[in-house]
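Remarks on the structure that follows.
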Amino acid sequence: MNDTDHLVALDRQHVWHPFTPMKQWREGTPLVIARAEGEYLIDSDGKRYIDGVSSLWCNVHGHRVPEIDQAIRDQLDKVAHSTLLGLASEQSALFAGELVARAPKGLDKVFYSDAGATALEAAFKMAVGYWHHTGRPKRTRFVGVTGAYHGDTTGSMSVGYSDFFHKPFASMVFPTFWTEAPDACRPPAAVAARVRPTSSTGGLWPSEDPALAAAMLEHCLADLDGLLTRHGDEIAAVVIEPIMQGAAGMICQPPGYVRGVAALARKHDVLLIADEVAVGFGRTGKLFACEHEEVRPDILCLAKGITGGYLPLAATLATDRVEAAFTGAIADRRTLFHGHTYTGNALACAAGRASLALFEQRGLIARINASAATVKRRLDALRDCPHVMDIRQRGLMIGIELCKNRATREPFESAQRVGAAVCMAMRPKGLIIRPLGDTLVLMPILASRPEVLEEMMNVVVRTVQEWSAGLTRRGT
Ligand SMILES: Cc1ncc(COP(=O)(O)O)c(C=O)c1O
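According to numbering that gives the first Met the number 0, the residues represented by the sequence shown are 0 to 475, in order.
Below is the structure:
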C-alpha cells in the first residue's frame, strides 16, 4: 500500500466529511491534499491543482505566504493561546484596533469567535440582548432573506433555514420572518408577472437586466417595508449578506438594495446585521461589501478571509450603542455571557494582522478589481451558450448557472447533479471548483497571478463549452 492508498483507507474508515453524502464518498477515491504553493493545492501524488474555491472561500493571498507564515512562527515563539476571559492579549488588542480602523466607521467594538456561524450567533445574542436591556424585550425575532445561508449552528440555521439541509432539525430552529431575495432567475412572482427575465442567447444575463433589477429592487424593499410595518415590534434585527448572497447560489443584489435595506432598518428602528463572512476581506472588490453602498450596519460579522485563509477566527463588530446596552453595574446583570475557549486566539490574530498588512503592501484591492475585469471578459465567451442561464459576478465571487434550455429557462433535474459533473470534468485539467446545485462557483484566490487566472478561465470556459456542445449534439 503506498502513502496515498493508506491515507484514503484511513479517511474512508474514520473521517466524516462536512456536507458530504458519505456512502457515495466512500465509494469514490478522494484527492488527498498534502501540500500547497501559492494558488495551487498539491495532492499526495504530487499533482497540482488551482485552488478555484479558495479552500472554501477563505484564502486571500495564496498558500504558504512568507509574511503570514513568519507572523505565525514569531507568535509561536511568544504564546500560542491565552484566554480572553479575565485577561487581555497583545495580538487580539492590536488586531481589534486594526479591524476597527478599516471597518465602516462607528463599528468600534470587536467580539472574537472562531467560525462564521459563531460570529452570527454572537450577533443574534447582541441584537436580542440590546433590546432586552433597552426596555423592548419583545423584540426577539429576526428577518432573514430567502435562500440565505449563515452557517450550521442552531441560530444561524434558523435565519438561513433550508428544507433541503435542515428538515430533520426543523424542531430545533426558532421561527424567522422571511423577506424575498432579489433573485434574477427566480424573481418574486409579482415581479415575474410584470418583467420576464431575459432568456435569449447572446443577450444580457438576467442578473444584468436593468428593468428586472429595478422591478426587483422596488418589490423586495416594499416587501421588507411591509414586514417591518406589520411586525416591527417583535423584530430585533434584519440579517443580510450584502451585495451577494453566496451559498444561496451567488445571488447578486441590484444596486441600491443594501442601502435600501439599511434605510428601512433605520426607519423601523430595528438593528441591521451584515453577514460579511463570505463577502468580506476584498472578495467583492472593496475591503468590506457594505462599502459599495456606504452602509454602516449595527453589527458586522466577519470570518473566512479574516486570517487570509490560515486559521479559524471570526469577529463580530458592533457599534458603541449596541455594546453600551451590555454595560452597567454588576447588579444590573447586563453582561454578555457568551464566548468560546479559543476566543481571540493569538496565532490566528497574528495571521489576521499579517494578512491585513498585505492588503495595503500589495495594493490588493486594485489587483482584485483588475482580476475581476479579466474574469468578466473571459466569461463573455459563454454568452452564446444555450446551457448557461445566468452569470453573476461581484468582484471575484462568481456564479455560472447552468440550465437545460436557456430559451425556456428549464432547469436540469436536481438528481442529475449536473453542476457536480461539470466541476469534476475540470479536475483532470488541474482545477478544483465546487458547485451550488447547478451553479458553478468560481472563487479564485484573491491575489491570483494574472497567468494563473487565465489558466483557470481557460479550463472553465472550455469545459463548459465542450459539455454544452456535447448536450446539443445529443439533442438535449
Ligand atoms: C455568508 C456566510 N455566513 C456564514 C457562514 C458560515 O461560516 P463557517 O462555515 O465559518 O461557520 C458562511 C459559510 O459559507 C457564509 O457563506
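Where a beta carbon is used, it is the ideal one built from N, C-alpha and C, also for glycine.
Note to self: Which same chain residues end up closer than 7 Å to A424 when comparing Cβ atoms and leaving out the 5 residues on each side of it in sequence?
What the structure shows: Excluding sequence neighbours, A424 sits near T462 and W466.
Check: Is D268 buried or exposed, if buried means 16 or more other CB atoms sit within 10 Å of its CB?
Finding: Exposed is the call here.
Next item on the list: Output yes or no for whether 7 Å exceeds the beta carbon distance between P395 and S370.
Entry: The sequence given here has Leu at residue 395, not Pro. Contact annotation: L395 and S370 have beta-carbon atoms nearer than 7 Å.
Margin query: Considering just the uninterrupted stretch of the alpha helix (DSSP H) at N410, what are its terminal residues?
Written below: Checking the sequence shown, residue 410 turns out to be Pro, not Asn. Taken as a continuous stretch (DSSP letters only), P410 belongs to no alpha helix (DSSP H), as it is neither H nor E.
Next item on the list: Return helix, strand or coil for T200, following the three-state DSSP convention.
Entry: T200 falls in the coil class under three-state DSSP.
Item checked: Separation of T175 from S157, as counted between CA atoms -> Taking the straight line joining both Cα atoms gives about 7 Å.
Check: Under the three-state reduction of DSSP, which class applies to V52: helix, strand or coil?
Finding: Under the three-state reduction of DSSP output, V52 falls in the coil class, being neither helix nor strand.
Margin query: Using 8 Å as the cut-off, can you tell me whether the stretch 341–355 makes contact with the stretch 88–100, which would need three or more C-beta pairs spanning the two stretches below that distance?
Written below: Yes, since at least three Cβ pairs between the stretch 341–355 and the stretch 88–100 fall closer than 8 Å, the two stretches touch.
Next item on the list: Spatial neighbours of I364 within its chain, please: CB distance less than 8 Å, with the 5 preceding and 5 following residues excluded, ordered by chain position.
Entry: These residues qualify, in order along the chain: G281, G284, K285, L286 and F358.
Check: If you count every other CB in all the chains shown that lies within 10 Å of the CB of A121, and 16 or more means buried, which is it?
Finding: Using a 10 angstroms sphere on the CB of A121, the tally of other CB atoms reaches 16 or more, which defines it as buried.
Item checked: Residues near G469 in its chain [Cβ-Cβ closer than 6 Å; skip 5 each side] -> Contacts found: none.
Notebook entry, point to check: So Q392 is in the beta strand (DSSP E); what residue range does that whole segment cover?
Noted result: It spans V387 to R393 - the beta strand (DSSP E) in which Q392 sits, taken as one unbroken run.
Next item on the list: Sort out for me which residues DSSP pairs W177 with in a bridge.
Entry: Bridge pairing for W177: G143 [DSSP].
Notebook entry, point to check: For P17, which option in F164, L316 and Q360 has the closest C-alpha, if you only look at C-alpha atoms?
Noted result: Comparing Cα-Cα distances from P17 to each of F164, L316 and Q360, the minimum goes to F164.
Notebook entry, point to check: Thinking just about the alpha-carbon of each residue, which of L335, V78 and L40 is nearest to the one in I32?
Noted result: For I32, the nearest C-alpha among the options comes from L40.
Check: In three-state terms, what does DSSP make of A35?
Finding: Annotated three-state conformation of A35 is strand, per DSSP.
Margin query: Just to confirm, is the Cβ distance from L445 to C300 under 7 Å?
Written below: Cβ atoms of L445 and C300: not closer than 7 Å.
Check: If you run the structure through DSSP and keep just helix, strand and coil, what is V238?
Finding: V238 carries a strand assignment under DSSP once its states are collapsed to helix, strand and coil.
Notebook entry, point to check: Is the closest heavy atom of ligand 1 to the C-beta of A350 under 6 Å?
Noted result: No - ligand 1 has no heavy atom lying nearer than 6 Å to the Cβ of A350.
Item checked: Supposed close pair V321, M21 - CB separation, criterion 8 Å -> Contact annotation, V321 with M21: C-beta distance approximately 41 Å; criterion of less than 8 Å not satisfied.
Note to self: Am I right that V257 and I242 are in contact with their C-beta atoms under 8 Å? What's the rounded C-beta distance?
What the structure shows: About 6 Å; that satisfies the 8 Å criterion.
Next item on the list: Determine the extent of the alpha helix (DSSP H) in which P209 is found, giving its start and end residues.
Entry: Its alpha helix (DSSP H) spans residues P209 to H230.
Check: By Cβ distance, which residues of its chain are closer than 8 Å to L381, with the 5 residues on each side in sequence left out?
Finding: When the five nearest sequence neighbours on each side are left out, the beta carbons in the same chain lying within less than 8 Å of the beta carbon of L381 are those of V387, I390, I399, V460, V463 and Q464, in order along the chain.
Item checked: Buried/exposed call for L452, threshold 16 Cβ in 10 Å -> Buried, since its Cβ has 16 or more Cβ neighbours within 10 Å.
Notebook entry, point to check: Okay, do the stretch 177–193 and the stretch 201–218 touch, 3+ Cβ pairs below 8 Å being the bar?
Noted result: In the pairwise beta carbon analysis, the stretch 177–193 is classified as touching the stretch 201–218: at least three pairs are separated by under 8 Å.
Next item on the list: Within 10 angstroms of the Cβ of P196, are there 16 or more other Cβ atoms? Answer buried if so, exposed if not.
Entry: Under this definition P196 is a buried residue.
Next item on the list: Kindly indicate which three-state DSSP category F164 falls into: helix, strand or coil?
Entry: F164 falls in the helix class under three-state DSSP.
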